[in-house]
Amino acid sequence: MLEPVVKPGEFTELDRFMFESWGYFVIPNVLSPEEVAACLEASQRLHADQPKKVSHQVGEGYASEPALERLIDHPAAMPKVRGLYGSDNIILQSAWCTVQPAGGKHGGWHQDGSSAFDFKLLGHPIPLLQLRVSYLLTDQSEPGKGNMEMIPGSHRSRVPMPDSVRKGTEDCPLRHVVCAPAGSALVFHNAVWHRSHEHNHDYDRYTMHYIYSPPWLRYSDRFENDTELMNRTTPLRRGILGDFAKPDSTYAGGYRTPPYEE
Ligand SMILES: O=C(O)CCC(=O)C(=O)O
1 MLEPVVKPGE
11 FTELDRFMFE
21 SWGYFVIPNV
31 LSPEEVAACL
41 EASQRLHADQ
51 PKKVSHQVGE
61 GYASEPALER
71 LIDHPAAMPK
81 VRGLYGSDNI
91 ILQSAWCTVQ
101 PAGGKHGGWH
111 QDGSSAFDFK
121 LLGHPIPLLQ
131 LRVSYLLTDQ
141 SEPGKGNMEM
151 IPGSHRSRVP
161 MPDSVRKGTE
171 DCPLRHVVCA
181 PAGSALVFHN
191 AVWHRSHEHN
201 HDYDRYTMHY
211 IYSPPWLRYS
221 DRFENDTELM
231 NRTTPLRRGI
241 LGDFAKPDST
251 YAGGYRTPPY
261 EE
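Numbering-wise, the sequence shown is residues 1 to 262 according to full-length UniProt numbering.
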């Protein structure tokens, strides 16, 4: 199967073309084995008190885990996020640490967004509002390892996924099981239909998802930023977390562009 692989860092015209065509791309081996190990340990700590039998997600892990905080502005991915939005005014709207338990079944097909107000009500094509960077913390270099499964180009489809596919009575021949080693990052558009693939191994699968949005989209993993984190983190991360100069004025002059070049 084709893999939509791009180089880390600088956002290129080819990156743009691939993303526009498929709605996602993969940056292989962004994290070193040491970074993967630190993020995996952090993720296991976050999930220590959580149920282990079903897929599950924990938000805002970056506030308590320095290894996960470092991924907020990772230099391999951040130029892609800024380039895809065509703007530097972006916030981390949420971040989710997901676990798929050993032997877990595949997830349900969905597009990202909000059940409170479906993004498709905004028009077609569904706009980019939640750009996701997903760091794989366990190996997914072959199918059957809880990989992400995507329908390439589906962010532009005018018609919904048929119920027969959503309910599993029919398979979609277009489905693409994304294969990449631990430490790789998958960058994808909120409107791409996706699900987690089955996980046929005897260990839990962890992935760390970072979701970047325009600054006026409400946070979904927190009500407000953690004060200790905001006091200790870097100016750039503070900006990306949404350091509003006037918190009640998020649509106008209340947001400062994060200091990317300092
Ligand atoms: O990491 C996973 O299991 C998939 C998460 C996912 O599809 C989502 O949060 O929208």
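By construction, the Cβ of each residue, glycine as well, lies at the ideal position given by its N, Cα and C atoms.
Is T138 near ligand 1 - that is, is its Cβ less than 8 angstroms away from at least one heavy atom of it? Within the sequence shown, the letter at position 138 stands for residue 138. No, the beta carbon of T138 sits no closer than 8 angstroms to any heavy atom of ligand 1.
At a threshold of 8 angstroms, does G107 count as lining ligand 1 (C-beta to nearest heavy atom)? Position 107 of the sequence shown holds residue 107. It does: the Cβ of G107 is within 8 angstroms (strictly closer) of some heavy atom of ligand 1.
Buried versus exposed call for D15 [16 or more other C-beta atoms within 10 Å across all chains shown]: One-based indexing of the sequence shown puts residue 15 at position 15. Buried.
Can you tell me whether H201 sits near ligand 1, meaning its C-beta is under 8 angstroms from at least one heavy atom of the ligand? Here residue 201 corresponds to residue number 201 of the sequence shown, with the count starting at 1. H201: no, Cβ never under 8 angstroms from ligand 1.
Could you give the DSSP three-state label for F19: helix, strand or coil? To locate residue 19, count along the sequence shown from 1; it is residue 19. Under the three-state reduction of DSSP output, F19 falls in the helix class.
CA nearest to the CA of G168, picked from H197, D243, F17 and P127: On the sequence shown, position 168 is the one that residue 168 refers to. The shortest C-alpha separation from G168 is found at H197.
Going by the CB atoms, is the gap between V81 and V187 shorter than 9 angstroms? Position 187 of the sequence shown, counting from 1, holds the residue named residue 187. Position 81 of the sequence shown, counting from 1, holds the residue named residue 81. Taking 9 angstroms as the Cβ cut-off, V187 and V81 qualify as a contacting pair.
Assigned exposure category for T98 - 16 Cβ within 10 Å defines buried: As a working note, residue 98 is residue 98 in the sequence shown. With 16 or more other Cβ atoms within 10 Å, it is buried.
What do you get for H110, buried or exposed, if any count of 16 or more other CB atoms within 10 angstroms of its CB means buried? Sequence index remark: in the sequence shown, residue 110 carries index 110 (1-based). With fewer than 16 Cβ atoms within 10 Å of its Cβ, H110 is classed as exposed.
Which complete beta strand (DSSP E) runs does the segment 163-245 hold, if anything under 3 residues is left out? 185-188, 194-196 and 205-213
Between which two residues does the beta strand (DSSP E) holding A38 run? Start at 1 with the first residue of the sequence shown, and residue 38 comes out as number 38. DSSP places A38 in no beta strand (DSSP E) but in the uninterrupted alpha helix (DSSP H) bounded by P33 to L46.
Beta carbon of residue 281 nearer than 9 angstroms to that of H201: Since the first and last residues shown for the chain are 1 and 262, residue 281 lies out of range.
For ligand 1, I want to know if Q50 counts as a neighbour, meaning its beta carbon is within less than 8 angstroms of at least one of the ligand's heavy atoms. The residue given as residue 50 occupies position 50 in the sequence shown. Outside the cutoff, so no.
Y24 vs P4 beta-carbon contact at 9 angstroms: Residue 24 sits at position 24 when you count from the first residue of the sequence shown. Residue 4 sits at position 4 when you count from the first residue of the sequence shown. With respect to P4, Y24 sits close: the two C-beta atoms are nearer than 9 angstroms.
Cutoff 6 angstroms; reference D226; Cβ partners in own chain excluding five residues on either side: Residue 226 sits at position 226 when you count from the first residue of the sequence shown. Within the same chain, D226 has close Cβ partners A63.
Give the residues whose C-beta lies closer than 7 angstroms to at least one heavy atom of ligand 1, in chain order. S55, Q57, W96, T98, Q100, G107, H110, D112, S134, G146, M148, H194, R195, S196, T207 and H209
Start and end of the alpha helix (DSSP H) containing M78? Here residue 78 refers to the residue found at position 78 when the sequence shown is read from its first residue. M78 to Y85 is the span of the alpha helix (DSSP H), which, as asked, contains M78.
For H70, name the three-state secondary structure that DSSP assigns. By 1-based counting over the sequence shown, the position of residue 70 is 70. Correcting the residue type first, residue 70 is Arg in the shown sequence and not His. In the structure shown, R70 adopts helical secondary structure according to DSSP, grouped into three states.
Mapping the DSSP letters down to three states, classify S134 as helix, strand or coil. Against the sequence shown, residue 134 aligns to sequence position 134. Here S134 sits in strand by DSSP.
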